[in-house]
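Student: Have a look at this one before I ask anything.
Number of protein chains: 2
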Amino acid sequence: MEPVVHTLEKTDKAPLPGLAAKKKQRTRILLAEAAAALFYERGYDATTIDDIAAAVEISPRTFYRYFPTKEDLVVAMGQTSLESFFAALEARPPAEPLTIAVQAAVDEALAPGWEDADGFRSFMALIRDTPAFRARWVEEAFDNRYLLAAVIAGRTDGDPLGLRNLLIAGAITMAINTAVQSWADQDIESRPAVYVRRALTELSMPLLGP
Amino acid sequence: MEPVVHTLEKTDKAPLPGLAAKKKQRTRILLAEAAAALFYERGYDATTIDDIAAAVEISPRTFYRYFPTKEDLVVAMGQTSLESFFAALEARPPAEPLTIAVQAAVDEALAPGWEDADGFRSFMALIRDTPAFRARWVEEAFDNRYLLAAVIAGRTDGDPLGLRNLLIAGAITMAINTAVQSWADQDIESRPAVYVRRALTELSMPLLGP
DNA sequence: CACCTGTGTGGCAGTTACTGTCACATGGCA
DNA sequence: TGCCATGTGACAGTAACTGCCACACAGGTG
Chain A
613 MEPVVHTLEK TDKAPLPGLA AKKKQRTRIL LAEAAAALFY ERGYDATTID DIAAAVEISP
673 RTFYRYFPTK EDLVVAMGQT SLESFFAALE ARPPAEPLTI AVQAAVDEAL APGWEDADGF
733 RSFMALIRDT PAFRARWVEE AFDNRYLLAA VIAGRTDGDP LGLRNLLIAG AITMAINTAV
793 QSWADQDIES RPAVYVRRAL TELSMPLLGP
Chain B
613 MEPVVHTLEK TDKAPLPGLA AKKKQRTRIL LAEAAAALFY ERGYDATTID DIAAAVEISP
673 RTFYRYFPTK EDLVVAMGQT SLESFFAALE ARPPAEPLTI AVQAAVDEAL APGWEDADGF
733 RSFMALIRDT PAFRARWVEE AFDNRYLLAA VIAGRTDGDP LGLRNLLIAG AITMAINTAV
793 QSWADQDIES RPAVYVRRAL TELSMPLLGP
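As given, the protein sequences belong to chains A and B, one line each in that order. Final position of the first sequence in the numbering used here is 822; the numbers increase by one with none missing. Final position of the second sequence in the numbering used here is 822; the numbers increase by one with none missing.
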């Protein structure tokens, strides 16, 4: 078992001819979208793999060549946002304080979301109410600490696996998740970024006394 | 769905006659122990519910009256340590710096473990290598933030659901998990407490610049 | 004592997630 | 044209879970 450090793409193989790769990627996205639509409509349990496969016109067996388990669909459903976040973060100037950079990256990553904030809220609700998704999603966040730590390390030429960077990444991960979750659960009006800002601001002050 | 805030016991019902409750609790523990033994011996996938039920001489159907899913066994396997941790933490003097208190509580909770550090290490390895367990375990840690935040709030008469306390609890949760995991993965000699101390020390300094 | 009622248990049938295996299709290449 | 590689589908099998019903064994009531 080596998935301690993840990469964002699912590099099972060498890059492939390049055309087939695109097509495979495309089917993967189609599957995730079809699944999402069905989950929102009927719920997770009431949607079978057969349903999802049928919606994309592939055989159920083939579904499993794209996703190892039904739960893993949730990762694909959130992947676009996640990639945007990391891309945005890496594009930020290294001199900028980390808090600000993260804040801005969250803003950008979620930006396409809040014209339809309801969609995003549905997504969060789906995760909250679907135990299998919830666990998988949290695990994903947990793992992405390593990715985040690497980015942080990159801004300062630090050690990607150093304890300090891991802790910072962990705290930020927790902060973002806590913030977004409160937003999804409570607030009807303001944008999630408001919550994230509040949490990150809190983080930038010393958390613990001596 | 309401499990946002957890209690440590599984309060499905009113306290029950009290005798039946003990017996039920006992069976639950027996199941968790039998399952653990089988998992260590053959692995998670190679152990069926039927095996576990047979080891405790109950019917497979009855197993599901104790645990909703096979994965949930991992929570029961770790529950004793978790309860010790919280008990120890609450017993600490409120004046004591939080870092020290947590450190000491981890020490106490894991103490029975390191005469047989190998057992604990096996447990961590099982979690690491069993995707279903891993996700469930991380989720549990994630949820226990709320419990920890409540305890922290109790030491200072703060708000158990206040953002600040949630963030502190989150950071500590991450720190402990990161520390224990590194210990389990790498170190053969020293005790996990050493890793935890290092992480907590780091946490007690400001994590993020302004 | 018989009678009910509530609670834990077991057996059975059914659904669905997932897997191993094999056969077939397609497309580039010699 | 034949050959191989890679993606796909069909089929059978295992095992996790669920709903349902029937039974056992309390404790309280007539």
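From the three backbone atoms N, C-alpha and C, an ideal C-beta is built for every residue, glycine too.
(1) Mind checking Ala783 of chain A: buried by the 16 CB within 10 Å criterion, or exposed?
(2) Between the C-alpha atoms of Ala744 of chain A and Ser671 of chain A, what's the straight-line distance to the nearest angstrom?
(3) Use the C-beta contact count for Ala648 of chain A: other C-beta atoms within 10 angstroms, 16 or more gives buried, fewer gives exposed.
(4) Using DSSP with H/G/I as helix, E/B as strand and the rest coil, what is Pro804 of chain A?
(5) Around the Cβ of Pro804 of chain B, are there at least 16 other Cβ atoms within 10 angstroms (buried) or fewer (exposed)?
(6) By Cβ distance, which residues of its chain are closer than 8 Å to Val792 of chain B, with the 5 residues on each side in sequence left out?
(7) Closer than 6 Å by C-beta to Pro627 of chain B: which residues in its own chain qualify, once you throw out the five before and the five after it? Chain order, please.
(8) Buried or exposed for Thr711 of chain B, going by 16 or more other Cβ atoms inside 10 Å?
(9) State yes or no: is the C-beta of Val750 of chain B within less than 7 Å of the C-beta of Glu751 of chain A?
(10) How would you label Met817 of chain B, buried or exposed, when you count the other beta carbons within 10 angstroms and need 16 or more for buried?
(11) Report the CB separation of Arg757 of chain B from Glu814 of chain A in whole angstroms; it is logged as a contact under 8 Å.
(12) Is there a Cβ from chain A that is less than 7 Å from the Cβ of Val718 of chain B?
(13) Can you give me the start and stop residues for the alpha helix (DSSP H) that Met817 of chain B sits inside?
(14) Pair every Cβ in the segment 677-691 of chain B with every Cβ in the segment 636-651 of chain B, then say whether three or more of these pairs are closer than 8 Å.
(15) Using a Cβ-Cβ cut-off of 6 Å (strictly less than) and excluding sequence neighbours within five positions of Ala796 of chain B, which residues of its own chain qualify?
(16) Compare the beta carbon distance of Arg638 of chain B and Glu683 of chain B with 7 Å and say whether it is the shorter of the two.
(17) Can you tell me which of A:Arg640, A:Gly655, A:Lys634 puts its alpha carbon nearest to the alpha carbon of Arg740 of chain A?
(18) Anyone know if the C-beta pair for Pro781 of chain A and Ala811 of chain A falls short of 7 Å?
(19) Any beta carbon of chain A sitting closer than 7 Å to that of Phe735 of chain B?
(20) Any C-beta of chain A within less than 9 Å: which residues of the segment 767-781 of chain B qualify?
Tutor: Checking against the coordinates, here is how it stands:
(1) buried
(2) 23 Å
(3) buried
(4) helix
(5) buried
(6) Met736, Pro804, Tyr807, Val808
(7) Because the pLDDT of Pro627 of chain B is 45, which lies under 50, any placement of that residue in the model is unreliable, and the number read from its coordinates should be weighed accordingly. If we look at Pro627 of chain B and ignore the five residues flanking it on each side, it has no Cβ neighbours.
(8) buried
(9) yes
(10) exposed
(11) At roughly 15 Å, the Cβ-Cβ gap does not stay under 8 Å, so Arg757 of chain B and Glu814 of chain A are not in contact.
(12) no
(13) No alpha helix (DSSP H) contains Met817 of chain B, which DSSP labels as neither H nor E.
(14) yes
(15) Arg733, Met736
(16) no
(17) A:Gly655
(18) Looking at the sequence provided, one finds Ala at residue 781 of chain A rather than Pro. Cβ atoms of Ala781 of chain A and Ala811 of chain A: not closer than 7 Å.
(19) no
(20) Leu775, Arg776, Leu778, Leu779, Ile780, Ala781
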